[in-house]
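Have a look at the structure below, then the notes.
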Ligand SMILES: N[C@@H](CCC(=O)N[C@@H](CS)C(=O)NCC(=O)O)C(=O)O
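Numbering (my numbering), first residue to last: 97 to 314.
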């Protein structure tokens, strides 16, 4: 059975899906899409965005929906679903609180990324970084006594939130390959201020590597 992931390789939403597939040990091929040519995405899934997963006859779009799809349909594989209803609720409410703030900060600084360095509004960038660091204070505290958001193993909520926070702890290969990720590396890396959050992001993206280099699922 063929499984294909249409993606922009360095998109955090694509990372979420690769982490999910890798964690579950599901084989897949990736196809890099081009921002200037959206027809293949629209043809495959009826919208012009990645990630799109084509799993045999099933087509899924939207990273969180894809993770839910994998969880609901590959239950004999290692699980990314928290073990209790309380943990699911607690993780969902954490995401509901943090995600809008992360997105707001991202949107505020996005226009600066494309500008030549000497035209960037450095004050806006600094405020963005500080606001992000402040927004992560409680998460930093939560991760003090535990490795994962809820329970004692990685869940899809770790995958979603950690990948949304990739600008705070950018993967080295992304930084080497892309000016956008160099921007985040230079201005948004929070490894010192929010060390536990940074380490936790690292634990999640440790799954975005070739088979053989991955951790053991728990
Ligand atoms: N909610 C969607 C958002 C998908 C999304 O925003 N994808 C971006 C890449 S991260 C995209 O394809 N944007 C179109 C573009 O960059 O031109 C998801 O989680 O998958």
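Quick reminder that beta carbons are idealized off the backbone N, C-alpha and C, glycines included.
Let's see if you can read the secondary structure: which residues bound the beta strand (DSSP E) around residue i?
{"i": "residue 145", "result": "From DSSP, residue 145 is part of no beta strand (DSSP E); its letter is neither H nor E."}
How should residue i be labelled, buried or exposed, when 16 other C-beta atoms within 10 angstroms of its C-beta is the threshold for buried?
{"i": "residue 154", "result": "exposed"}
{"i": "residue 224", "result": "buried"}
{"i": "residue 199", "result": "exposed"}
{"i": "residue 203", "result": "exposed"}
{"i": "residue 309", "result": "exposed"}
{"i": "residue 172", "result": "exposed"}
{"i": "residue 192", "result": "exposed"}
{"i": "residue 138", "result": "exposed"}
{"i": "residue 132", "result": "exposed"}
{"i": "residue 130", "result": "exposed"}
{"i": "residue 290", "result": "buried"}
Would you mind reading off the limits of the alpha helix (DSSP H) that contains residue i?
{"i": "residue 257", "result": "252-260"}
{"i": "residue 244", "result": "Counting along the chain, residue 244 falls outside any alpha helix (DSSP H), and DSSP gives it neither H nor E."}
{"i": "residue 224", "result": "218-231"}
{"i": "residue 171", "result": "Element bounds for residue 171: n/a, residue is neither H nor E."}
{"i": "residue 188", "result": "181-209"}
{"i": "residue 296", "result": "291-301"}
{"i": "residue 268", "result": "268-273"}
{"i": "residue 116", "result": "108-120"}
Based on the DSSP secondary-structure assignment, which residues constitute the bridge partners of residue i?
{"i": "residue 100", "result": "125, 150"}
{"i": "residue 155", "result": "150"}
{"i": "residue 130", "result": "133"}
Of the choices the options, whose alpha-carbon is the least far from that of residue i?
{"i": "residue 115", "options": "137, 286, 195, 159", "result": "159"}
{"i": "residue 189", "options": "235, 300, 113", "result": "235"}
{"i": "residue 249", "options": "201, 127, 174, 284", "result": "174"}
{"i": "residue 107", "options": "230, 277, 285", "result": "277"}
{"i": "residue 294", "options": "233, 251, 162", "result": "233"}
{"i": "residue 157", "options": "181, 123, 101", "result": "101"}
{"i": "residue 211", "options": "242, 166, 281, 275", "result": "275"}
{"i": "residue 111", "options": "162, 308, 239", "result": "162"}
{"i": "residue 242", "options": "262, 292, 306", "result": "292"}
{"i": "residue 307", "options": "213, 98, 121", "result": "121"}
{"i": "residue 288", "options": "128, 273, 265", "result": "265"}
{"i": "residue 286", "options": "270, 219, 262, 239", "result": "262"}
{"i": "residue 229", "options": "284, 239, 138, 166", "result": "284"}
{"i": "residue 166", "options": "182, 128, 124, 297", "result": "124"}
{"i": "residue 218", "options": "128, 181, 268, 282", "result": "282"}
{"i": "residue 296", "options": "273, 238, 312, 280", "result": "238"}
How about residue i and residue j: do their beta carbons lie closer than 8 Å?
{"i": "residue 195", "j": "residue 260", "result": "yes"}
{"i": "residue 246", "j": "residue 178", "result": "yes"}
{"i": "residue 104", "j": "residue 303", "result": "no"}
{"i": "residue 221", "j": "residue 205", "result": "yes"}
{"i": "residue 144", "j": "residue 134", "result": "yes"}
{"i": "residue 231", "j": "residue 208", "result": "no"}
{"i": "residue 176", "j": "residue 252", "result": "yes"}
{"i": "residue 305", "j": "residue 258", "result": "no"}
{"i": "residue 142", "j": "residue 98", "result": "no"}
{"i": "residue 227", "j": "residue 201", "result": "yes"}
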